[in-house]
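This report concerns only the one structure given below.
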Amino acid sequence: MTQIGIIVGSLRQAAYSQKVANVLANLLPVQLTPVFIDIGQLPLYNADLDEDDTVPAWQTFRQQLDDVDGLIIVTPEYNRGMTGALKNAFDVGSKRRNHWKHQIALVVSSSPEATGGFGANQQVRQVLVTLNVFPVQRPEVYLGHVNHLFNDQNLMTNLDTLSFLQTAVNAFVDLQAKFDPQPADELNALAIKYEPGRFYINGENGSTLAEIIFHDQQNKRIMVTNTQVSEQLRGQGIAKRLMLRVIRFAQIYHLTIIPDCSYAQKFLEKHPEYQDLFTTN
Ligand SMILES: Cc1cc2nc3c(=O)[nH]c(=O)nc-3n(C[C@H](O)[C@H](O)[C@H](O)COP(=O)(O)O)c2cc1C
């Protein structure tokens, strides 16, 4: 399984950067698994302490970097630069050999200000050069007015911003595929789109060819009420992919799933490994 490390430059619990990172994780195709890598536990880098592997948090972090196949870095802007926490993570990961080397990265900055963290974003890109990480060049992602992009359930509801972020994720997936070619997939991995409450595939004329629909319920539950795949897309495992996207959505937002359509119920019978994420009421 190809793993994508997601690093968030803010340490505060209600960080907009974390909310943006959740959106990006949700927009990845199912064959790329998002892994959130915490940088808040890393002591400040001090070379004196780094001679005999005495700082376990540094070793854990370096191993996490070695284990992933690409990175998504989401940073806020502090005083026109990246946060100290993120710079410290870059320094820790660069020693005693460079654990960032040969990664590819999508760099995203955000801010409540209109400038969208441009300064922080550029600073991250500058550091990536010396670490030999290959950033997605375009689109450049500076999210301004980030404080207006989320609803009270921390979901991004603005369809234009979602669509822009999907374009950025697709550019990242394309670049990742160049570094780590996988056997060609019958279905274009990027065909599945997200909107609040559904994952779907549209045909060229804009008609819906496949979709899975889910509704918010109380107590952090979502109910899957419909899964449909049109005749022309049957037999390619598309319903399963749609269901896996809902499962990952539930994992990112810490939700449980009520399977209220026959496909979701059948899926659960066939895949008891996901039992913990489902509830019947
Ligand atoms: C120390 C500090 C410096 C800041 N400097 C900037 C800045 O240079 N540019 C900017 O757009 N916002 C700046 N801000 C405001 C942050 O963009 C805002 O607090 C944002 O919500 C932080 O990101 P987060 O929500 O992901 O934690 C700064 C905030 C702090 C705490």
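Residue numbers for the sequence shown follow the UniProt record's numbering, so the first one is 1 and each next one is one higher.
Idealized CB from N, CA, C, for every residue including glycine.
So is the beta-carbon of residue 117 under 7 Å away from any non-hydrogen atom of ligand 1?
yes
Pair every Cβ in the region 21 to 36 with every Cβ in the region 243 to 254, then say whether three or more of these pairs are closer than 8 Å.
yes
When DSSP labels each residue in this structure, what does residue 33 get in the three-state scheme?
Residue 33 falls in the strand class under three-state DSSP.
Using 10 angstroms around the beta-carbon of residue 232, count the other beta-carbons present and answer buried if the total reaches 16, otherwise exposed.
exposed
Burial state of residue 186 (16 or more Cβ within 10 Å):
Any answer about residue 186 is weak, because its pLDDT of 49 lies below 50 and its placement is not dependable; what the coordinates show is given next. It is exposed - the Cβ of residue 186 has fewer than 16 other Cβ atoms within 10 Å.
By DSSP, does residue 243 sit in helix, in strand, or in coil?
helix
Is the beta carbon of residue 248 within less than 7 Å of some heavy atom of ligand 1?
no
Near ligand 1: residue 85 beta-carbon under 7 Å from a heavy atom
no
Can you give the Cα-Cα distance for residue 267 and residue 260, rounded to whole angstroms?
Taken atom to atom, the span from the alpha-carbon of residue 267 to that of residue 260 is near 11 Å.
Pick out whichever of 98, 123, 258, 263 has its Cα sitting closest to the Cα of residue 281.
258
Note the first and the last residue of the continuous beta strand (DSSP E) segment covering residue 110.
104 to 110
Taking the continuous alpha helix (DSSP H) assigned at residue 287, which residues delimit it?
The structure shown does not extend to residue 287, since the chain is modelled only from 1 through 281, so no value can be given for it.
Nearest-angstrom Cβ-Cβ length linking residue 104 and residue 176, presumed shorter than 8 Å:
6 Å
Whole-Å CB distance - residue 109 paired with residue 83, under 8 Å assumed:
In this structure residue 109 is not in contact with residue 83, their Cβ atoms being roughly 11 Å apart against a cut-off of 8 Å.
Determine the burial state of residue 10: buried for a count of at least 16 other Cβ atoms within 10 Å of its Cβ, exposed for fewer.
Residue burial is scored here from C-beta neighbours: residue 10 has at least 16 other C-beta atoms within 10 angstroms and is therefore classed as buried.
Which of the three DSSP states, helix, strand or coil, is assigned to residue 4?
strand
Just to confirm before moving on: does the CB-CB distance between residue 229 and residue 250 stay below 8 Å?
no
Does residue 83 come out as helix, strand or coil in the three-state DSSP assignment?
coil
Beta carbon nearer than 5 Å to a non-hydrogen atom of ligand 1:
10, 12, 15, 16, 17, 76, 77, 78, 79, 80, 111, 113
Residue 99 burial status per 10 Å Cβ neighbour count (16 or more: buried)
buried
Considering only the alpha carbon of each residue, which of 156, 253, 81 lies closest to residue 115?
81
Comparing alpha-carbon positions, which option in 205, 220, 199 lies nearest residue 255?
Closest by C-alpha distance to residue 255, out of 205, 220, 199, is 220.
Going by DSSP, what residue range makes up the beta strand (DSSP E) through residue 198?
198 to 202
To the nearest angstrom, report how far apart residue 19 and residue 155 are at their CA atoms.
8 Å
From residue 77 to residue 140, what distance separates their C-alpha atoms?
15 Å
Who are residue 152's beta bridge partners in DSSP?
According to DSSP, residue 152 bridges with nothing at all.
Taking 8 Å as the cut-off, decide whether the C-beta atoms of residue 66 and residue 3 are in contact.
no
Taking 7 Å as the cut-off, is the CB of residue 46 close to at least one heavy atom of ligand 2?
With respect to ligand 2, the structure offers nothing, as its ligand set consists of ligand 1.
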